[in-house]
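**Student:** Below you'll find the structure I mean.
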Amino acid sequence: MSEPLWTWSATRIARSVLSGEVSAREVVDAHLARIDEVNTAVNAVTNLLADDARTAAGRIDRARRAGEPLGPLAGVPFTVKENIDIAGHPTTHGIPHFRHLVAARDAPPVGRLRAAGAVVVGHTNMPDLTIGGNNTVSQLFGETRNPWGAIRTPGGSSGGDAAATASGMAAIGLGNDAGGSVRLPAMFCGVAALKPTYGRIPMEHRIGDTDPTLASQLFPTDGPIARTVADLQAAFQVLAGTDPRDPRAVAVPLVGPPCAEPIRVAVSVDPGGLGVHPQIRTEIERAAAALADAGYVVEEAEPPRIDDATQAYSTLITTEFGLSWPRIRPLLTAASAAHMELSMRRRPPADLAAYLQATATRHGVMRDWAGFAQRYPLVLGPVYTERPFDAALDDDEAGESIIAMRLCTATTFLGVPAVAVPTGVVDGQPLGVQVIGPWHREDMCLQAAAVLESRFGSFTPVQPALDAVA
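For the sequence shown, the numbering used here gives the first residue as 509, with consecutive numbering after it.
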């Protein structure tokens, strides 16, 4: 056991706890010590649940000694984004208004991970109400820093979970993605992330007793962040399923029917033809070559209607936020309101006719993507078409950032699954790509992502560059 326990993958931890090689308490203590060592600089964990974690680890160890069955993620430490409920603790959404909003019960994915034996070690930071842009800065907890140190931001909005996972504070992070919010921080922090199909993982995104409106029902999906694709797969197998609290969740097999071999991959280097950074182009070309070497048929092909998807997505979002903005805006600072206000200037809230047309556009784009997937079941493309940005952006830069995430936006609009996977580190900054699949074919995305990981390796946990981020 030469490597510290906090460097171990989730699957290795679970195997070792199940076999008795290590105890769950040893694993949890190692991760709590790691949090104590690096969180002051990285500022990813907002509410440390040390006592709860040690108690849960003790139960697992007693069960193992008694010969009782353990879950498939026994002893695996995980973190939870500040907008996902952990029973008995506040779900703050990063703002003072909700600092005392104590959850009565676990959100479905938290409950599923715990039922599988995983141990929650804390909540993690996010931008205010997730709408404060692609940095991870909240009123309550301040700024989370990228542990690599070459850039300041870990991305957002699940930047706390990505930074915690990348720096060894947890083996799995539970975040959510409503337009790239697990995939972008995964790229910025050099880890992997799964955005599942809409309806694949049950969620609870009510705030108090308030149900989300249509766009907030259709777009956000909870999903795991991890250091290896195998860990994403292990988390996905636990998280997928149904729950009576989420009528959207459907029971679909985790592995779909075999596709005709060889599987065809559409490579979208520059989605929509709006420009791509040369280094991002290089990473996509490297990934395409790796898939081709593994037997995939790889061809440059443009998925349909990227622009229609991103414009209709923006219309649905800004129209719904426009209606609630007088109530939401007083809860935010000028900085955390700026991103949504910029979005509403770029795409003003629509009237009823235009809003309804956006819902019709979604149906048509979904149909066209389904037809495209008949020839190209997988799409390989950028998470972000630019090199990672560094911290605060002015309006022009923030607008460019929205454009750079267009493939994330389009795939969120459609509800299809995607896996972000790192491909290398250039000038101290991790870079990566995403693999997108048809509805309910996370298995195909994960399989292709595993091919890329086998070629390029994994790059975390990283020792935070404390001088750079402090």
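Just so it is clear, CB atoms sit at the ideal spot from N, CA and C, and this is done for glycine as well.
All values reported here derive from a predicted model rather than from experimental measurement.
Are the Cβ atoms of T827 and A868 separated by less than 7 Å?
**Tutor:** For T827 and A868, no; Cβs fall outside 7 Å.
**Student:** Going by DSSP in three states, L578 sits in which element: helix, strand or coil?
**Tutor:** Here L578 sits in coil by DSSP.
**Student:** If I follow the unbroken alpha helix (DSSP H) through R772, where does it start and stop?
**Tutor:** It is not in any alpha helix (DSSP H) - R772 instead sits in the beta strand (DSSP E) that spans R772 to V775.
**Student:** Return the Cβ separation of G663 and K589 in integer angstroms, given the expectation that the two are a contact with Cβ distance under 8 Å.
**Tutor:** Rounded, the Cβ-Cβ distance is 13 Å, inconsistent with contact.
**Student:** Using only CA atoms, which one of G687, G650, M634 and M695 lies nearest to S666?
**Tutor:** Of the listed residues, the one whose Cα sits closest to S666 is M634.
**Student:** Rank A861, V805, V737 and D754 by C-alpha distance to the C-alpha of G965 and give the top, closest one.
**Tutor:** Checked all of A861, V805, V737 and D754; the closest Cα to G965 is V737.
**Student:** I'd like the list of long-range same chain contacts for L762, defined as Cβ closer than 7 Å, with 5 residues on each side in sequence excluded.
**Tutor:** Around L762: Q745, A748 and D951.
**Student:** According to DSSP, A820 sits in a beta bridge with which residue or residues?
**Tutor:** For A820, which the question treats as bridged, DSSP gives no partner whatsoever.
**Student:** Near D614, which residues of its chain fall below 7 Å by C-beta distance, leaving aside the five closest residues on each side in sequence?
**Tutor:** Excluding sequence neighbours, D614 sits near D593, I594, A595 and R622.
**Student:** Across which residues does DSSP place N684 in a beta bridge pair?
**Tutor:** Note: N684 sits in a beta bridge opposite D730.
**Student:** For the region 851-898, which segments carrying the alpha helix (DSSP H) assignment without a break, of at least 4 residues, lie completely within its bounds, in sequence order?
**Tutor:** The region 851-898 contains these whole alpha helix (DSSP H) runs: 860-883.
**Student:** Quick one: using the 10 Å Cβ neighbour count with 16 as the cut-off for buried, is A862 buried or exposed?
**Tutor:** Under this definition A862 is an exposed residue.
**Student:** What first and last residue would you give for the beta strand (DSSP E) that runs through H631?
**Tutor:** Looking at the DSSP string, the run of the beta strand (DSSP E) that includes H631 is V627 to T632.
**Student:** Spatial neighbours of N642 within its chain, please: C-beta separation below 7 Å, excluding the five flanking residues on both sides.
**Tutor:** Closer than 7 Å at the Cβ level, and outside the excluded window around N642, lie G663, G664, L692 and S909.
**Student:** Can you give me the Cβ contacts of L540 inside the same chain, cut-off strictly under 6 Å, excluding the 5 residues immediately before and after it?
**Tutor:** Only A558 meet the Cβ criterion.
**Student:** Please report the distance separating the alpha-carbon of G780 from that of A973.
**Tutor:** So the alpha carbons of these two residues sit roughly 36 Å apart.
**Student:** For D754, which residues does DSSP report across the bridge?
**Tutor:** In the DSSP output, where bridge partners are listed per residue, D754 has D751.
**Student:** Can you have a look at A978 and say buried or exposed, based on whether 16 or more other CB atoms are within 10 angstroms of its CB?
**Tutor:** Only weak support exists for where A978 lies, its pLDDT of 42 falling under 50; the value from the coordinates is given anyway. With fewer than 16 other Cβ atoms within 10 Å, it is exposed.
**Student:** Can you give me the C-alpha to C-alpha distance between A976 and A734, rounded to a whole angstrom?
**Tutor:** Residue placement at A976 is flagged as unreliable, the pLDDT there being 45, under the threshold of 50; the coordinate-derived value follows with that caveat. Approximately 24 Å between the Cα atoms of the pair.
**Student:** Are G640 and V690 close, meaning C-beta to C-beta below 7 Å?
**Tutor:** The answer is no: Cβ separation not under 7 Å.
**Student:** Measuring CA to CA, which of W516, A678 and A549 is closest to G650?
**Tutor:** When only C-alpha atoms are compared, the closest one is A549.
**Student:** Would you list the one or two residues that DSSP bridges to P930?
**Tutor:** The partner list for P930 (beta bridge, DSSP) reads G940.
**Student:** According to DSSP, which residues form a beta bridge with A700?
**Tutor:** Paired residues: A734.
**Student:** Taking just the CA atoms, how far does T632 sit from A918?
**Tutor:** Straight-line Cα distance between these residues: approximately 27 Å.
**Student:** Does the beta carbon of V777 come closer than 7 Å to any beta carbon on chain C?
**Tutor:** Going by chain labels, chain C is absent from the structure shown, which holds only one protein chain.
**Student:** Going by C-alpha to C-alpha distance, which of T673, W947, T563 and M874 sits closest to I814?
**Tutor:** It is M874 whose Cα lies nearest to the Cα of I814.
**Student:** Decide if T563 is buried, meaning its Cβ has at least 16 other Cβ atoms within 10 Å, or exposed.
**Tutor:** So T563 counts as exposed.
**Student:** Once the 5 residues before and after V610 are set aside, which same chain residues still bring their CB inside 7 Å of it?
**Tutor:** Excluding residues within five positions, the ones whose Cβ falls inside 7 Å are G596, H597 and P598.
**Student:** Looking only at its own chain, which residues have a Cβ that is under 7 Å from the Cβ of E810, when we skip the five neighbours before and after it?
**Tutor:** Contacts found: S776.
**Student:** Quick one: residues in its chain with C-beta nearer than 7 Å to the C-beta of A845, no 5 flanking neighbours on either side, listed in chain order?
**Tutor:** Closer than 7 Å at Cβ, skipping near neighbours: R837.
**Student:** G885: buried (16+ other C-beta within 10 angstroms of its C-beta) or exposed?
**Tutor:** In the sequence on display, residue 885 carries Pro and not Gly. Buried, because 16 or more other Cβ atoms sit within 10 Å of the Cβ of P885.
**Student:** Which residue marks the beginning of the alpha helix (DSSP H) containing L556, and which one marks its end?
**Tutor:** Run containing L556: none in the alpha helix (DSSP H); it sits in the beta strand (DSSP E), V553 to L556.
**Student:** Let me make sure I understand the geometry here. Which of A926, K703 and I568 has the alpha-carbon closest to that of P585?
**Tutor:** When each option's Cα is compared against that of P585, the closest is I568.
**Student:** Buried or exposed for H871, please, with buried defined as at least 16 other CB atoms from any protein chain shown within 10 angstroms of its CB.
**Tutor:** So H871 counts as exposed.
**Student:** Among the candidates A956, L782, V887 and I715, whose CA atom is the shortest distance from the CA of T600?
**Tutor:** Selected option, being the one with the closest Cα: I715.
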